Amino acid sequence: RCFALSLAALAALAATTAFAATAAFAATAAFATTALTTTGGAAISASSLALAGGRAAGSTTALGGPFSLLYELRVLVRSLVFDRSLLGDLLSPLRSSWPDGAEDVLVGGECDVDAGASGGGGGACDGRYLPRASLSLAPPAVEFVCNRREQGRHEIEPTFRALFGDTRFGRYRVAMAYLGHRWGVELLEFALRRGAVVELLLPECANVYAHENRKAAQALLDGGWPTLRLFLSPVMVHAKATLALRGDGAGGDGAGGYGGSSSSTQGDLAFLGSANLVRGSMNLPVHQGLLPYDELNVLVADAEFCATLDSALDKLFARARPIAPGHDLLAEPGWSDPKGRAYSDARAQWEELWQ
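In structure tokens, the structure reads:
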């Protein structure tokens, strides 16, 4: 809480005293230059100070604009205040105090009325959603989808949302290295809410973010979704692949067991690449250019490719441990992360900040 309060004070300062911060930075730079050059220390060159202040020729941000240390600090604070994380929740009262009309805090988006307005998972009216992507009725064999800030492209989250919300698909097979308990779970809930089968495979103990992965898996189990099939891989799986299958595609015994490949992949759609189902791959900061997570995925409608992916997923699911509905993963004895630490909710919340 002390950490959160300190960040809250920093956020308030950055949001309301930009002019003072600029003056303070200039004074600090001038003092440092004088001190280091008059005491015989290693002098800070004028070019270094110009770079820090954004005045050096050719210095740019990730968006291609002139680099400014003050702007970068302001963006960092804004990312903490507006982010969907525990820290963002704690700092949320500061959002109303952020300067109106600032070009770097514009929040557009969409209200998913189909999900209701309860504020729960599945995209209820959150003004920070990007407009929903549209999936073609006759998609090309291969279509690239990316988050690329330099080009103003933020397509990953809208495409995931469109894919999981598309009623043409009744079954999803998802192998994911990392899953976040907010955005990741909520995106999967677009499919679960309408009764689509979601077969989800996660690593039993991820190489990083292991606590957050476990928290996210438990969040899905706690939802009591009757069409959720959860599997945990005994080894690390770095895949970030989703296969959307036509029709009800329930497969298997209908009681949570492993369904196996679909009989036909005609009209199915694969979505895979670099993006995990975590905040850094698709959250508000990416939309607003805050986090350095440009992503590249591909939508593949080719039937042979989808069939090959389906078969590869068969092998992963066959080796994984099925988790029964209602199971309490967080209470399992003996589980530990790669460093030997038992599950910790505080650590899961911390890991979420870095995903």
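Heads up: the sequence shown is residues 898 to 1252, going by the working numbering. We put the CB at the ideal spot given by N, CA and C, even for glycine. Treat the numbers as computed from the prediction; the structure is a model and nothing was measured.
- The three-state secondary structure of R971, taken from DSSP, is helix.
- Taking C-alpha positions only, A1107 is separated from L973 by approximately 25 Å.
- Straight across, the Cα-Cα distance linking P1219 with R1126 is about 8 Å.
- In this model, S1241 and L1097 are separated by some 23 Å (Cα to Cα).
- Per DSSP, reduced to three states, the secondary structure at L966 is helical.
- Between the segment 1123–1138 and the segment 1066–1079, the count of C-beta pairs closer than 8 Å reaches three or more; the two stretches touch.
- Here H1224 has L1118 as same chain residues with Cβ atoms under 7 Å from its own Cβ, once five neighbours each way along the sequence are excluded.
- One thing to note: L987 has its Cβ no nearer than 9 Å to the Cβ of L1250.
- Residue pairing for C1043: DSSP places it in a beta bridge opposite L1193.
- Contact between R1176 and S982 holds, with the beta-carbon distance rounding to 7 Å and staying under 8 Å.
- Secondary structure of T1056 (DSSP, three-state): helix.
- Comparing alpha-carbon positions, the option among S1031, Y968, F1214 and S965 lying closest to V1095 turns out to be F1214.
- The C-beta distance from A1198 to A1088 rounds to 18 Å, too long to meet the 8 Å contact threshold.
- Assignment of E1101 by DSSP, reduced to helix, strand and coil, places it in the coil class.
- A Cβ-Cβ contact shorter than 9 Å links R992 with F979.
- Here the alpha carbons of L1099 and P1131 stand approximately 9 Å from one another.
- Taking the C-beta atoms as reference points, A1093 is found no nearer than 9 Å to F1057.
- With fewer than 16 other Cβ atoms from the protein chains shown falling within 10 Å of its own Cβ, S994 counts as exposed.
- A Cβ-Cβ distance of about 5 Å is found for the pair L1140 and L1206, placing them in contact under the 8 Å criterion.
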